[in-house]
Amino acid sequence: MKFMKLGTRPDTFYTEEATRTVISDVPSDVTIRINNVTYLLHKLQFPLLPKCGLLQRLYTESEDSISGHVTLDLTDIPGGDEAFELCAKFCYGITINLSAHNLVSAFCAAKFLRMTEAVENGNFIVKLEAFFSSCILESWKDPILTLQNSERVYEWSENLGIVRRCIESIVDKILTPPTKVTWSYTYTRPGYEKKRNQSVPKDWWTEDISFLNIDMFRCIVAAIKSTNTLPPQLIGEALHVYACRWLPEITEHNRPNSEASTSKTEYSPDRQRNILETVVGLIPSDYKGSVSIKFLLRLLSTANFLAVSTVTKTELLRLSGLQLEEAALNDLLIPSQNSVYDIDLVQTVLDSFLRQWKRQAAATSSDGILKIGKLVDSYLQVAAKAADMPVKKLASLAETLPRIARPIHDDLYMAVNTYLKEHPDLSKADKKQLCRVLDCQKLSPQVRGHAVRNERLPLRTVVQVLFFEQEKVNSATDIERDQLNRNNLRKIKSSGDEKSLKARGNRASTPGTSGVQDNLRTSDDKMELRQEPSFKIRQVTEPETEKAGFGVKLNSHEKAQMRRIYERTYR
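For the sequence shown, the residue numbers in the working numbering are 1391 to 1961.
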């Protein structure tokens, strides 16, 4: 932090019954009142009036100026009595130390008192301006401290350009490449220890600016975004650091509590609501992944607690649904005000995801929706253990997923079984409602075996499992029978081809068969062989083809297929 020392005389101000005065052999001839503090000073013995244009005018206009002792009221002075005393000590030549903590109030008070060069050369304002330009704005933390201390006199400091110049200085340093950062900064991330040769992290600036109020912070982030220089992820990290500092519910795993929130932050719910809405408005919404899905879900949970505007909540739902595929199970395990797990939040985010997925389903693969299906089923298994989890909400969340998201229902069965185990007093109607979400056809053999012996399941569900198990057994038997028939048909065809070839070979080796040449006809370069009347081949009758099935009874389709093979082979 930079300091500037002015004056050489020791501090001779002292207080006596709410009155501040200066030790002097000369009696005071001017009284200045600021709120509840009274100053007894000297108008000419020390250059108080000669350095203050406002006091000169007020003294001239006062009716008591003729009598010699004048009382002036400076209640409106920015910075109050502390700022005025800095100006008075400067006039008396008493040593004062200026820094980012008191510069703004001194600057505004000096401007109010018109301590300019036009009044007297080397006046207070010109010295403050030199210190502000050459020292405060050249460092990193001093402009931030200056902005923090400008809140009490924000209107004055903004009109004087102090706020604007500090923000410009901060933004310029943030946009500096990390390799050129030479000033000190605050960085307390877990696992990071400053070392002399360690490179500067890209987000080195995020913690320091998180100490500013939301209006200052918004101006800085908006200025950074307008340059399009930094990646959206860095801006998102700055928003995350700021929200974690001012919204305790973002990082805590406890249920939101109004009393706890009030004790941990000086901001009322209205101020916290303003912070959250501003942070959401600053998220680079055009870039997916600028902030994490975990952060978005925490913001949404806090937004529900603070009752933020509909626009803010809608934007949070849109962003959360857009990035739900990136979520892990722990990201969804967020408590609500009245329950261990906020299943309503997960439901609304899933609805948002599905609305966006349906619009893009034709252009995207099924990997995303399958991942969401596994995520939701894993969440259901954990949420089912909560004693205060309503069966309707659990069933509703399970039914929200489309069929394509769950090719297998094993994980869903585990969630249902867990809920039935943790809630033994569940009514029959509730059990039926919960088990209705299961598709017994999509259960694996191992799970079906467990379900058949599961006494917690309703009888209707067990019967469905048994029915589909029998259907699968019959289906497997039909497949085996069809395979056996196909093998038999191949054998029949192979046997017929072998007999045909043997018959042709016998004709070629029999004497007198030269006459076969007379039976050759040439038509369009194709040769056709006519069978000699003297050759007799034993024909296999249709009943024999039926016997070739090794005792398997063939249906009409199979019989027709064998009949075609018979005609093609022997006729």
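Ideal Cβ placement from N, Cα and C applies to all residues, glycine included.
How many angstroms separate the CA atom of residue i from the CA atom of residue j?
i       : j       : result
Arg1542 : Tyr1731 : 42 Å
Val1772 : Gly1711 : 21 Å
Phe1695 : Gln1662 : 11 Å
Val1631 : Leu1672 : 13 Å
Ala1819 : Arg1850 : 12 Å
Leu1802 : Lys1703 : 30 Å
Asn1844 : Val1781 : 19 Å
Val1420 : Gly1397 : 22 Å
Met1606 : Val1766 : 40 Å
Met1391 : Cys1556 : 15 Å
Leu1527 : Lys1615 : 21 Å
Thr1485 : Ser1600 : 34 Å
Trp1594 : Lys1531 : 12 Å
Tyr1769 : Leu1488 : 58 Å
Ser1559 : Ser1756 : 49 Å
Phe1514 : Thr1700 : 50 Å
Leu1686 : Asp1734 : 15 Å
Ser1597 : Val1416 : Reading the sequence as shown, one finds Glu at residue 1597 and not Ser. If I take the Cα positions, the gap works out to 52 Å.
Ile1762 : Ser1540 : 49 Å
Ala1490 : Cys1481 : 21 Å
Arg1447 : His1432 : 16 Å
Pro1835 : Arg1708 : 40 Å
Tyr1544 : Met1804 : 60 Å
Thr1506 : Phe1474 : 15 Å
Asn1644 : Thr1402 : Because Asn1644 carries a pLDDT of 44, less than 50, the predicted location of this residue cannot be relied on, and the following value inherits that uncertainty. Using only the alpha carbons, I get a separation of about 54 Å.
Phe1502 : Ile1467 : 6 Å
Leu1629 : Ala1774 : 34 Å
Thr1461 : Arg1410 : 14 Å
Where does residue i fall in DSSP's three states?
i       : result
Val1460 : strand
Tyr1731 : coil
Thr1428 : strand
Val1590 : coil
Ile1724 : coil
Leu1637 : coil
Ile1422 : strand
Tyr1449 : helix
Lys1441 : helix
Arg1399 : strand
Val1412 : strand
Thr1405 : strand
Met1391 : coil
His1813 : coil
Lys1678 : coil
Arg1542 : coil
Gln1623 : helix
Ile1673 : coil
Arg1826 : coil
Asn1618 : coil
Would residue i pass as a contact of residue j if the rule is Cβ separation under 7 Å?
i       : j       : result
Pro1674 : Pro1622 : yes
Asp1741 : Ile1683 : no
Thr1692 : Glu1639 : yes
Gly1334 : Ser1495 : The structure shown has nothing for residue 1334, since the chain only spans 1391 to 1961.
Leu1439 : Leu1445 : yes
Gln1737 : Leu1787 : yes
Asp1471 : Val1427 : yes
Leu1637 : Val1670 : no
Ile1798 : Lys1832 : yes
Asp1800 : Val1855 : no
Leu1537 : Leu1493 : no
Ile1422 : Leu1464 : yes
Val1852 : Ala1785 : no
Under a Cβ-count criterion, where at least 16 other Cβ atoms within 10 Å of its own Cβ denotes burial, should residue i be classed as buried or exposed?
i       : result
Lys1563 : buried
Asn1425 : exposed
Trp1573 : exposed
Lys1395 : exposed
Phe1521 : buried
Val1509 : buried
Phe1393 : exposed
Tyr1809 : buried
Thr1617 : exposed
Ser1524 : exposed
Asn1807 : buried
Between residue i and the ligand GTP, is there a pair consisting of the residue's CB and a ligand heavy atom that are separated by less than 6 Å?
i       : result
Arg1504 : Absence of the ligand GTP is noted for the structure shown, with no ligands found whatsoever.
(Q) In chain order, what are the residue ranges of uninterrupted beta strand (DSSP E) at least 3 long that sit wholly in the region 1464-1533? (A) 1486-1488
Q) Which parts of the region 1732-1799 are runs of the alpha helix (DSSP H), unbroken and 4 residues or longer, counting only runs that do not cross its ends? A) 1733-1750, 1757-1773 and 1781-1790
Q: Identify every run of the alpha helix (DSSP H) within the region 1832-1864, keeping only runs that are complete inside it and at least 4 residues long; order them along the chain.
A: 1835-1842
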